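Q: The sequence shown begins at 879 in my numbering and counts up by one.
Cβ coordinates follow ideal geometry from the N, Cα and C atoms, glycine included.
Note that the structure is a prediction, hence the values are computed from the model and not measured.
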Amino acid sequence: MSLMAQENGTPRFLFRLMETSLPALLFCLFLVSVSSAQESMPHQAQAVTPLAELLREAEQNSPQIQAARQSWQAAKQVPTQVSTLPDPQFTLQNLSVGSPRPFAGYTNSDFAYLGLGVSQEIPYPGKLRLKGEIARREADISQQQIESVRRAVMAELKAAYFQLAYLSKTLTILEQDAELLKQVGQAADARYRSGMGSQQDLLQAQLQQTKLLREIAMHHLEVGKLEARLKQLLNRPQDSPDIEPAELVETPLVQAYADLLAATQTQNPELAGAKKMIEKQSLQVDLARKDFYPDFNVQYMWQRTDPTQFRAYYMLSVGVRVPIYRGRKQRPELAQAEAEQLRARSELQVQSQQVAAELRAQYVLAQQTSELLRIYREGLSPQSRSEFQAALAAYQSNKQDFQALLAAFLDVLRFDQEYWQNVAEYETAIARLEQMTGLSLR
């Protein structure tokens, strides 16, 4: 049996446990299976994909960004349409005498004639220009929407990438901490064989190993969801190779809140779009005032009777469309435009407050998380490992019970996971700051 243990790489104490109790036998087989599974996992690792590479790919292939760009391209075609005169209308007239047939009686009556004419509607001066300016503001809003959608996609991509990196790191931590749990199992085995321990200690160690497997399975489930979301954002096929993230690194935040807030005032697309909306509504008010003035219609007509007896007739007509229902049309239109202008200004204030509040929240989150990371690095993580080693030594020397040793192990596991979770949250907050300010903080 000793030779077999050496050949298979299985600790000798596991085979000695087989001679002790059935729970111990189950536990040792469980550890062997978990160990072999964990050893096989690193061989499946793929080449690391940098975040910058994914951002460039999303910039080119994201259907959301492409849809926003096409919407802007469509909006740019509107200004020339609405600022151009209406199409002219051409008219052909024929007056027949003595017969309903067209052109009948043209030589039989002095009243029969053939006429050609053209008419053109002419809006009051300034209306077409204002319509064109309003359409250009709409196109400007669509252009800002491109940047807004682009930043939202990039921020979501970064958040998913950081979460994937956290889960990848956590899987490594679970594998490493499983080695600590083996030490716990070995200590429990030694205590049990010496008659000072209980079978319950072995069962609790086995239960904790099962919990580790459950966490690994749950992490793989979350990894699968994040891989699907990343491929969707990148417009990749879902059966394409999975993305392997780089290890999380804390990005220093050196900018002050005032600097970030100033950047949002000039570079935030939501605020820029709200300002363009105010400009558009101001032009809409000017156009509503123009509607109090009349529009015109010019018509020119050529008529020909019997060319042997009469000369051709030429007729110029000018029509005026007078807005006589001002109380029911023009004044309500002006009131609507002024109300929309006030609404646009209020929405700009709301948007400004929302951006400032969100910026402040993300800035505080980044600062406090950075402080937490320092506490984990310099205090909680090394202290928990020292406590575990002390608890393990005390348990092996029969100076401490198994529950204290297990609690020390759980502290190590929890603090390791919490540290990297906080790193992912910190980097996600940095991504949100980049989204709102347009600055590159990395």
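What's the gap between the Cα of A990 and the Cα of L1165?
A: Distance between the alpha carbons of A990 and L1165 is about 46 Å.
Q: Hey, which unbroken runs of the alpha helix (DSSP H) at 4 residues or more fall wholly within the segment 1028-1088?
A: As far as the segment 1028-1088 is concerned, it has no whole alpha helix (DSSP H) run of at least 4 residues.
Q: Is the segment 1083-1100 touching the segment 1023-1039, taking contact as three or more C-beta pairs under 8 Å?
A: No, the segment 1083-1100 does not touch the segment 1023-1039.
Q: When the Cα atoms are used, what is the spatial distance from V960 to N972?
A: If I take the Cα positions, the gap works out to 34 Å.
Q: Determine the DSSP secondary structure at D1184, reduced to helix, strand or coil.
A: DSSP places D1184 in coil when its eight states are reduced to three.
Q: Please return the same chain residues whose Cβ sits closer than 6 Å to the Cβ of D1018, not counting the five positions on each side in sequence.
A: Answer for D1018: K1154, listed in chain order.
Q: Return the first residue and the last residue of the beta strand (DSSP E) that R1320 is part of.
A: It is not in any beta strand (DSSP E) - R1320 carries neither H nor E in the DSSP assignment.
Q: Just tell me which of S1224, Q1299, L1220, L1311 has its CA closest to the CA of Y1044.
A: Among S1224, Q1299, L1220, L1311, the Cα nearest to that of Y1044 belongs to Q1299.
Q: If you count every other CB in all the chains shown that lies within 10 Å of the CB of V1101, and 16 or more means buried, which is it?
A: Burial call: buried.
Q: Who are the near neighbours of P1193 in its chain, counting only those whose CB is closer than 6 Å to its CB and skipping five residues on each side?
A: Per the sequence shown, the amino acid found at residue 1193 is Met instead of Pro. The answer, listed in chain order, is M1179.
Q: Do F1266 and L1052 come within 8 Å of each other at the CB atom, strictly closer than that value?
A: No, the Cβ-Cβ distance between L1052 and F1266 is not below 8 Å.
Q: Per DSSP, what kind of secondary structure is T969 in: helix, strand or coil?
A: Strand at T969.
Q: Quick one: grab the DSSP three-state call for D1173.
A: D1173 falls in the strand class under three-state DSSP.
Q: Quick one: using the 10 Å Cβ neighbour count with 16 as the cut-off for buried, is I1024 buried or exposed?
A: Classification for I1024: buried.
Q: Taking the continuous beta strand (DSSP E) assigned at S1259, which residues delimit it?
A: Counting along the chain, S1259 falls outside any beta strand (DSSP E), though it belongs to the alpha helix (DSSP H) covering 1259-1274.
Q: Tell me, please, which residues DSSP counts as bridged to V926.
A: Answer is E1122, bridged to V926.
Q: Out of curiosity, what's the CA-to-CA distance linking R1182 and S1020?
A: One C-alpha to the other measures close to 54 Å.
Q: If we call anything under 8 Å between Cβ atoms a contact, is A1244 one with L1131?
A: Yes, the pair counts as a contact, with Cβ atoms nearer than the cut-off.
Q: Does the Cβ-Cβ distance between L1126 and K1047 come in under 8 Å?
A: Yes. Within cutoff.
Q: Can you tell me which of D1079, L1138, A1150, L1042 puts its alpha carbon nearest to the alpha carbon of L1104?
A: Selected option, being the one with the closest Cα: L1042.
Q: Between D877 and A946, what straight-line distance do the alpha-carbon atoms span, to the nearest angstrom?
A: Residue 877 is absent from the structure shown; the chain starts at 879 and stops at 1320.
Q: What are the start and end residues of the alpha helix (DSSP H) that includes S949?
A: S949 -> alpha helix (DSSP H) spans 941-953.
Q: Mind reading off the beta-carbon distance from E1216 to V1163? Whole number of angstroms is fine, and I expect it under 8 Å.
A: So it is a contact: roughly 6 Å between Cβ atoms.
Q: Can the beta-carbon of L1258 be found less than 8 Å from the beta-carbon of F1287?
A: Contact flag unset, no.
Q: Three or more beta-carbon pairs under 8 Å between the segment 1003-1018 and the segment 1269-1285, yes or no?
A: As far as the Cβ criterion goes, the segment 1003-1018 does not touch the segment 1269-1285, which means the pair count is below three.
Q: Can you give me the start and stop residues for the alpha helix (DSSP H) that I1202 sits inside?
A: Neither: I1202 is in no alpha helix (DSSP H) and is coded neither H nor E.
Q: Which word fits Y1254, buried or exposed, when buried means at least 16 other C-beta atoms lie within 10 angstroms of its C-beta?
A: Label assigned to Y1254: buried.
Q: Compare the C-alpha of V956 against each of R1014, L994, G1004 and name the closest.
A: The candidate whose alpha carbon is nearest that of V956 is R1014.
Q: Determine which residues share a DSSP beta bridge with L995 and list them.
A: Note that residue 995 corresponds to Gly in the displayed sequence, not to Leu. Answer is T969, M1179.
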